[in-house]
Amino acid sequence: MSTLHTDLSAYYTSRAAISDNVYAQPDRQQEFAILRERAAALVQGQNVLELACGSGYWTGALAETASFVLAQARDLPQQKVQLAQIDAFELDLANDYSACFAGFFWAHVKREQQTDLLARIRQIVGKDGLLILIDDNYLEEDTAPVARTDAEGNTYQIETLADGERYEYVKNFPTDSALRKKFAGVAKDIRILRLQHTWLLSCRLK
């Protein structure tokens with residue numbers, strides 16, 4: 005049996021060529037249209053820090069209305085979009101941003117790392133800074149099964165890529181109540197939109 009890799013960055017690098025396939029799935033088009041419209045409306049006029057921007061799918065939606073986005077270029081206007089490679093868990097940026105967006109990233113943040121990450125984001129976007137998260141629901145019919153759960157309650161999935169390499173990675177699926185509990189102490193105006201395949205959370209950091 006091949007080695008089971010656990011480097012999340014290597015996993016996404018290895019599957020970069022197919023990373024946008026999910027956005028072409030017919031049964032998700034309506035949801036993605038709703039999410040793009042909602043995200044664009046929320047960041048209108050904001051200076052946005054986008055975490056884990058991947059190929060830049062969500063960057064395009066943000067750049068439609070935001071004043072500025074630090075993320076992935078992807079043939080977007082250079083006067084509004086800037087690319088940077090930064091460790092999300094070592095964020096140390098000037099507080100020139102009023103909003104933070106992360107699409108399909110929160111699920112990979114271990115529970116024991118979430119509080120520190122939120123504190124780092126709060127340092128950058130400031131009091132009343134906007135935070136927007138989009139991520140997956142767990143759907144038994146089209147979600148890889150949970151391979152294990154660790155002592156902190158993090159759940160893990162295992163995926164075999166086309167080249168035969170196997171990766172294990174954290175993939176949490178928080179409920180609305182779990183999200184509200186996690187954010188209650190650090191945020192206000194917490195709003196959750198739960199769709200069939202995905203959810204969107206927006207809030208203002210205290």
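For the numbering used here, add 4 to where a residue sits in the sequence shown, where the first one is 1.
Note that the Cβ used here is the ideal one computed from N, Cα and C, for glycine as well.
These numbers come from a predicted model, not from an experiment.
- Inter-stretch contact at 8 Å, needing at least 3 Cβ pairs: the segment 140-151 / the segment 116-132: No, because fewer than three Cβ pairs between the segment 140-151 and the segment 116-132 fall closer than 8 Å, the two stretches do not touch.
- Task: Might you give, ordered along the chain, the residues of its own chain that have their beta carbon closer than 7 Å to the beta carbon of residue 187, omitting 5 neighbours on each side?
- Result: Result list for residue 187: 194, 207, in chain order.
- Determine the closest residue to residue 197 out of 143, 139, 31, with distance taken between C-alpha atoms. Among 143, 139, 31, the Cα nearest to that of residue 197 belongs to 139.
- Item | Contact between the segment 38-57 and the segment 127-137 (3+ Cβ pairs under 8 Å) | Because the criterion of three Cβ pairs below 8 Å is met, the segment 38-57 and the segment 127-137 touch.
- Query: Thinking C-beta only, is residue 35 closer than 8 Å to residue 161?
  - Reply: Not in contact: residue 161 and residue 35 (Cβ atoms no closer than 8 Å).
- Is DSSP giving residue 159 helix, strand or coil here? Of the three classes helix, strand and coil, the one that applies to residue 159 here is strand, per DSSP.
- Could you tell me whether the Cβ atoms of residue 4 and residue 65 are closer together than 8 Å? Because the chain here runs from 5 to 210, residue 4 falls outside it and cannot be looked at.
- Message: How far does the alpha helix (DSSP H) with residue 66 in it extend, from its first residue to its last?
- Response: Unbroken alpha helix (DSSP H) run through residue 66: 61-69.
- Message: Does residue 113 come out as helix, strand or coil in the three-state DSSP assignment?
- Response: Taken through DSSP and simplified to helix, strand or coil, residue 113 comes out as coil.
- Among the residues of its own chain, which have a CB less than 7 Å from the CB of residue 180, if the five just before and after it don't count? So the list reads 196, 198, once near-sequence residues are dropped.
- Query: Which one or two residues does DSSP pair with residue 173 in a beta bridge?
  - Reply: According to DSSP, which records beta bridges pairwise, residue 173 is partnered with 161.
- For residue 53, the nearest candidate out of 16, 128, 111 (CA to CA): Taking only the C-alpha atoms, the option nearest residue 53 is 128.
- Query: What number of angstroms, rounded off, separates the C-alpha of residue 63 from the C-alpha of residue 107?
  - Reply: Cα to Cα, the separation comes out at about 10 Å.
- Looking only at DSSP bridge pairs, what is residue 107 linked to? 138.
- Query: Can you tell me where the alpha helix (DSSP H) with residue 41 in it begins and where it stops?
  - Reply: Segment 33-46, the alpha helix (DSSP H) holding residue 41.
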